[in-house]
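Adding 164 to a residue's 1-based position in the sequence shown gives its number in the numbering used here.
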Amino acid sequence: TVLNVDEIARKLDQIGGQLRTGLRAYAVHGLSDMLSFNESMMRGHNDDLCSDRKVFSGFARGDENGGSVDLQYSRRLAECSRRHQVRVDAGLSYSKIEGDWNSRIFAGLRYETKIDQDFTLGLAALASQSSDKLIGFEQSSISDKSLQATAYGRYWISDTLRTGAFFGFGKTWYNFSLIDSDDFSLAGSMRGNRQLYGWLMSGEWVIGDTVLTTDAIISHAKEKLGSASLSANYMGEKRTNIDLAVGTVDVTRISLPVTAPVVLSGSSEEYGEFSRLLLSPGVICEDNSADSSSMRCGYQAGAKLIVKDDSGRNHFYADYRWENVSGIQRSLFGVGYAYRFGRRNELELAIDLNRAQDNEDRAFVSLRLAQ
């Protein structure tokens with residue numbers, strides 16, 4: 165019996181590092197998704213205005229390695245003219261990468277009040293559920309459920325430029341299991357305590373004859389995972405209440421892009437032929453490593469040429485993006501075609517051909533919905 169228990173300990177010594185990395189990577193992915201959901205709520209430019217915001221939006225994309233579906237829903241539950249507002253938000257992300265499926269569902273309820281014409285404060289309750297496989301283990305599964313409370317504010321600096329910030333706390337519950345190639349089986353659970361905050365500024369301002377657009381983001385999320393509680397079965401023996409230290413993970417985003425559109429011909433109205441060039445220099449910092457907290461900063465630049473025909477349905481575009489972060493250079497060149505259809509051109513079917521710096525070619529087919 166002692167020998168078998170030692171075999172369990174030996175096996176855990178072999179896979180413990182990979183298991184810890186897989187758990188931390190999954191938690192980092194969840195933190196990034198939660199930051200994105202909070203940022204998307206702050207980007208709802210029409211929330212403070214009495215204009216019709218799209219209730220549904222999203223896209224479906226596929227290539228030779230898999231595909232993804234992303235849907236968002238947002239609805240105002242109170243009359244637009246009221247000072248106090250209640251909103252419902254929801255999101256679904258479902259993707260397949262190299263044969264593996266993963267999903268995440270978000271739901272949120274917001275209460276907002278207007279302090280004055282330009283300043284809005286809000287409280288939000290968010291919930292999410294996700295499932296995936298553990299990195300490094302073919303026969304494995306992991307899922308989580310989370311709850312979060314967030315306070316936020318938005319302020320209109322001008323008619324076209326707005327800033328906002330959010331701060332939140334949350335709790336996450338994880339469950340996972342795996343079976344290794346030698347029939348070693350393991351199941352476990354852990355809890356995480358989350359903190360996240362962020363600042364955004366989006367909109368446009370005019371300098372001379374040039375209209376500059378920005379969508380600046382500074383956001384950070386941290387989750388204390390502590391230790392996971394494991395139970396293992398191996399060679400006829402079972403051990404429970406095994407502690408595996410997982411530690412703390414964090415995600416930081418800093419992106420300060422500026423976009424300057426240059427109209428080459430026509431106009432940018434809904435109908436009518438036009439062409440324009442979008443120039444987008446900026447600063448980018450990233451820290452999304454599951455193993456360490458190290459901020460890397462650099463700069464980014466991009467240019468996108470868009471051409472639309474007179475019908476408003478056919479779009480042709482070419483895109484180039486380049487980044488230099490801590491001496492690591494990344495570049496991407498792509499061309500594409502999009503066709504819009506539906507009663508109000510609310511559907512768009514697009515084909516994109518991209519080539520990265522490592523000469524990897526990708527072809528994407530996308531269907532976007534906004535109604």
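Virtual Cβ for every residue (Gly too), placed ideally from N, Cα, C. Values in this document were obtained by computation on a predicted structure and should not be read as measured data.
Check: Would you list the one or two residues that DSSP bridges to Glu387?; Outcome: Arg358 and Val413
Check: Report buried or exposed for Arg164, applying the criterion of at least 16 other Cβ atoms within 10 angstroms of its Cβ.; Outcome: One cannot answer for residue 164 here, as it falls past the ends of the chain, which runs 165 to 535.
Check: In chain order, which continuous runs of the beta strand (DSSP E) of length 3 or greater are located wholly inside the segment 295-356?; Outcome: 304-320 and 325-343
Check: Taking C-alpha atoms, which residue in Gly430, Cys449, Asp451 and Asp483 lies nearest to Lys472?; Outcome: Gly430
Check: Is the separation between the beta-carbon of Glu387 and that of Val413 shorter than 7 Å?; Outcome: yes
Check: Closer than 6 Å by C-beta to Val447: which residues in its own chain qualify, once you throw out the five before and the five after it? Chain order, please.; Outcome: Leu420 and Tyr463
Check: On the DSSP bridge assignment, give the partners of Glu450 in chain order.; Outcome: Arg417 and Arg460
Check: Mind pulling the beta strand (DSSP E) runs of 3 or more residues that sit fully within the segment 266-298?; Outcome: 283-296
Check: So, is Asn202 buried or exposed, given that buried needs 16 or more other C-beta atoms within 10 angstroms?; Outcome: buried
Check: Beta-carbon within less than 8 Å of Tyr319's beta-carbon, same chain only, minus the 5 sequence neighbours each way: which residues are those?; Outcome: Asp282, Phe283, Thr284, Arg326, Thr327 and Gly328
Check: Where do the ends of the beta strand (DSSP E) carrying Asn478 lie?; Outcome: Asn478 to Val489
Check: Quick one: is Asp474 buried, meaning 16 or more other Cβ sit within 10 Å of its Cβ, or exposed?; Outcome: exposed
Check: Return the CA-CA distance between Asn488 and Ala315, expressed in angstroms with no decimal places.; Outcome: 34 Å
Check: Is Glu171 helix, strand or coil by DSSP?; Outcome: helix
Check: Ends of the beta strand (DSSP E) at Arg508?; Outcome: That residue, Arg508, is in no beta strand (DSSP E); it is neither H nor E in DSSP.
Check: If you count every other CB in all the chains shown that lies within 10 Å of the CB of Val166, and 16 or more means buried, which is it?; Outcome: Caution applies to Val166, whose pLDDT of 41 falls short of 50 and renders its modelled position unreliable; the model cannot decide the point.
Check: Taking the C-alpha atoms as reference points, what is the distance between Arg508 and Gly181?; Outcome: 53 Å
Check: Candidates Gly367, Arg519 and Ile179: which alpha carbon is nearest Ser345's?; Outcome: Ile179
Check: Is the beta carbon of Leu517 less than 7 Å from the beta carbon of Val499?; Outcome: yes
Check: Mapping the DSSP letters down to three states, classify Ser200 as helix, strand or coil.; Outcome: helix
Check: Determine the DSSP secondary structure at Met205, reduced to helix, strand or coil.; Outcome: helix
Check: Compare the C-alpha of Leu364 against each of Ile418, Leu408 and Gly300 and name the closest.; Outcome: Ile418
Check: Three or more C-beta pairs under 8 Å: does that hold for the segment 388-399 against the segment 366-380?; Outcome: no
Check: If you run the structure through DSSP and keep just helix, strand and coil, what is Asp373?; Outcome: coil
Check: What residues are listed by DSSP as bridge partners for Leu394?; Outcome: Gly352 and Ile406
Check: I need the straight-line Cα distance from Asp296 to Ser307, nearest angstrom please.; Outcome: 6 Å
Check: Just tell me which of Phe331, Met354, His479 and Ala502 has its CA closest to the CA of Ser383.; Outcome: Phe331
Check: Short check: CB of Leu195 to CB of Val415, under 7 Å?; Outcome: yes
Check: Tell me whether Arg240 is buried or exposed, calling it buried when 16 or more other Cβ atoms sit within 10 Å of its Cβ.; Outcome: buried
Check: CA-CA distance, Asp407 and Ser393?; Outcome: 5 Å
Check: Using the Cα positions of Leu496 and Arg485, report the straight-line distance between them to the nearest angstrom.; Outcome: 5 Å
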